[in-house]
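Chemist: Residue numbers (the numbering used here): 26 to 246. Idealized CB from N, CA, C, for every residue including glycine.
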Ligand code: DC
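1) Report the rounded CA-to-CA distance for residue 108 versus residue 91, giving the unit in angstroms.
2) So what's residue 180 in DSSP terms, helix, strand or just coil?
3) Using C-beta distances below 7 Å, list every residue in its chain close to residue 242, excluding the 5 sequence neighbours before and after it, in chain order.
4) Could you tell me the alpha carbon to alpha carbon distance between residue 219 and residue 103, rounded to whole angstroms?
5) Hey, residue 64 and residue 130: beta-carbon distance below 9 Å or not?
6) Which same chain residues, not among the five before or five after residue 201, have their C-beta less than 8 Å away from its C-beta?
7) Where residue 26 and residue 191 are concerned, what is the direct C-alpha to C-alpha distance, given to the nearest angstrom?
8) Can you name the start and end residues of the alpha helix (DSSP H) that residue 77 belongs to?
9) Rounded to whole angstroms, what's the CA-CA distance from residue 247 to residue 210? Just pull it up for me.
10) In three-state terms, what does DSSP make of residue 26?
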């Protein structure tokens with residue numbers, strides 16, 4: 026009976042969590058394993074933040090941020106600079122502005138509900154996927170880790186083995202500030218949806234995290 030009901034049905038996975046929690050890696054692994062289209066929604070906010078800075082604007086200014094959001098389709102999403110922690114900071118500033126979030130909402134919902142025919146569904150990762158973008162998603166995961174662990178991971182990603190203690194301290198401060206903004210903003214703040222499956226990655230490697238998530242997703246299919 027369950028099989029008949031589920032046949033041909035596309036799945037939607039909502040994956041949320043704070044900066045540098047391992048969301049991106051887990052999303053890629055799940056997308057590949059379950060044949061899902063993947064949307065890293067953070068890159069949309071990063072593109073807006075990047076555009077504001079390129080235009081010499083202020084990411085916390087609504088007029089500057091909205092202007093940048095409206096021309097988001099001109100952005101080169103493969104630019105590696107978009108992935109840096111300094112653009113993450115600008116992204117979390119523009120992400121506080123409700124009007125910026127509204128301009129990005131339909132694109133994200135459309136992506137979730139219209140995966141390409143050769144895919145079995147979609148996975149979106151971000152901060153408000155389970156709570157605002159896809160509250161009806163049948164599979165919700167919230168991934169987190171303590172902030173020191175997340176800072177070390179981001180530090181190694183950005184500087185490899187050549188980073189200095191000052192650079193690590195700066196990343197830690199940026200992540201703490203970013204957490205505060207993402208959690209405390211009034212527009213779609215970061216929070217775990219009540220029915221989301223919680224994974225803490227502080228003491229786990231990616232294989233263990235992937236296995237836990239894979240089992241959870243399989244149990245929901
Ligand atoms: O996931 P990330 O680090 O690439 O996200 C960058 C910033 O974008 C994050 O600090 C807050 C914002 N963001 C958001 O507000 N909502 C999302 N769904 C995704 C990202």
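Modeler: So, from the listed chains and residues:
1) In a straight line, the C-alpha of residue 108 is about 21 Å away from that of residue 91.
2) Three-state DSSP puts residue 180 in a helix.
3) 38, 55, 59, 164
4) 34 Å
5) With respect to residue 130, residue 64 sits apart: the two C-beta atoms are not nearer than 9 Å.
6) 172
7) Confidence at residue 26 is low in this model, with a pLDDT of 39, below 50, so its placement is unreliable and no value can be given for it.
8) Here the alpha helix (DSSP H) through residue 77 covers 67-79.
9) Residue numbering for the chain in the displayed model covers 26 to 246; residue 247 lies beyond these limits and cannot be assessed.
10) The predicted model places residue 26 with a pLDDT of 39, which falls under 50 and marks its position as unreliable; any figure quoted below should be read in that light. Reduced to three states, the DSSP call for residue 26 is coil.
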